[in-house]
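> Residue numbers (our numbering): 1451 to 1629.
If you scroll down you'll find the structure; I have some questions about it.
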Amino acid sequence: MIYGKNVRLRAVEKEDLPNFVAWLNDPEVRRGLSVHIPFSLTAEEKWFEENEKKSPNERTLAIEIQPEGQGGEWVFVGGCGFFDFDWQVRQAEIGIYIGEKKYWNQGFGTHVMRLLLKHGFETLNLNRISLRVHEDNPRAARSYEKAGFIKEGVLRQARFYGGEYIDVRLMSVLRSEWK
Ligand SMILES: CC(C)(COP(=O)(O)OP(=O)(O)OC[C@H]1O[C@@H](n2cnc3c(N)ncnc32)[C@H](O)[C@@H]1OP(=O)(O)O)[C@@H](O)C(=O)NCCC(=O)NCCS
């Protein structure tokens, strides 16, 4: 378990899969992700088997939050993790989603990102952590800025969704600028 401010990250269990499937099939949640086809439990079970085969550092983690604050109950709300590691350059990309929409805009996403950065720099010994965010997802971009990510550039019209092309913003944090 990795603990942050009213958030914690734990290993994904098989029992979590139906929640993941429900969230990934929610158009509002998956709009910010690169999931555009309806998603089955069978596909998610296959993904789970593959996730278990990865080295522990590279596995997706389950996000739990404490909506009532310290001492309150922990609620499972989404997933996050590192991928595309380059151990020579010591860099990785990061991804996150909170599937329980009622907990959006309460700072939990920012707390999770800060926790992932701390884990990435202090435990995994990474030097550069990056992400991609769609330009039509200002909530996510703002949350990443608050966590310390800096805009590095834009991949123009790199995504097609809802009948239009959307730019994709590249953001990163270097160890030297991370506090
Ligand atoms: C993206 C996500 C992880 C952010 O987590 P969160 O807990 O909702 O975000 P936070 O509350 O930490 O921060 C959101 C910030 O965006 C701001 N915001 C929300 N809607 C906004 C909008 N339309 N325009 C500009 N800013 C907006 C909020 O006001 C807040 O900033 P503030 O604290 O300065 O007021 C979460 O919303 C999510 O999982 N969304 C669905 C999946 C997704 O898009 N994942 C990201 C893929 S790159």
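Glycine included, each C-beta is placed from N, C-alpha and C at the ideal position.
Within 10 angstroms of the Cβ of E1518, are there 16 or more other Cβ atoms? Answer buried if so, exposed if not.
Classification for E1518: exposed.
> Note down the Cα distance separating R1625 from H1486, rounded to an integer number of angstroms.
The straight-line gap from Cα to Cα measures roughly 34 Å.
> Could you tell me the distance, in whole angstroms, from the CA atom of D1617 to the CA atom of V1583?
The alpha-carbon atoms of D1617 and V1583 are separated by roughly 9 Å.
> Would you call the stretch 1513-1530 and the stretch 1456-1474 touching, i.e. three or more CB-CB distances under 8 Å?
Counting Cβ pairs under 8 Å, three or more are found: they touch.
> Along the chain, where does the alpha helix (DSSP H) containing V1479 start, and where does it finish?
Here the alpha helix (DSSP H) through V1479 covers P1477 to R1480.
> Do R1540 and E1585 count as a contact pair if the criterion is CB distance below 8 Å?
Contact flag unset, no.
> Which same chain residues, not among the five before or five after S1622, have their C-beta less than 8 Å away from its C-beta?
The answer, listed in chain order, is R1578, I1579, S1580, L1581, F1599, I1600 and E1602.
> In whole angstroms, give me the CA-to-CA distance for F1558 and L1511.
The alpha-carbon atoms of F1558 and L1511 are separated by roughly 15 Å.
> What's the gap between the Cα of E1508 and the Cα of F1535?
Computed Cα separation, rounded: 8 Å.
> Helix, strand or coil for V1485, going by three-state DSSP, please let me know.
Looking at V1485 - three-state DSSP - the assignment turns out to be coil, as it is neither helix nor strand.
> I'd like to know whether the C-beta atoms of F1498 and N1475 end up nearer to each other than 8 Å.
Contact flag unset, no.
> What is the C-beta distance between V1462 and L1491, in whole angstroms, given that I count them as a contact (C-beta under 8 Å)?
That pair is no contact at about 14 Å.
> Would you call the CB atoms of Y1547 and L1605 closer than 8 Å?
No, the Cβ-Cβ distance between Y1547 and L1605 is not below 8 Å.
> Output needed for P1477: all residues of its chain with C-beta closer than 7 Å, excluding positions within five of it in sequence on either side, in chain order.
Excluding residues within five positions, none has a Cβ falling inside 7 Å.
> Could you pull out every unbroken alpha helix (DSSP H) segment of at least 4 residues lying fully inside the stretch 1561-1617, listed in chain order?
Segments of the alpha helix (DSSP H) lying fully in the stretch 1561-1617: 1588-1597.
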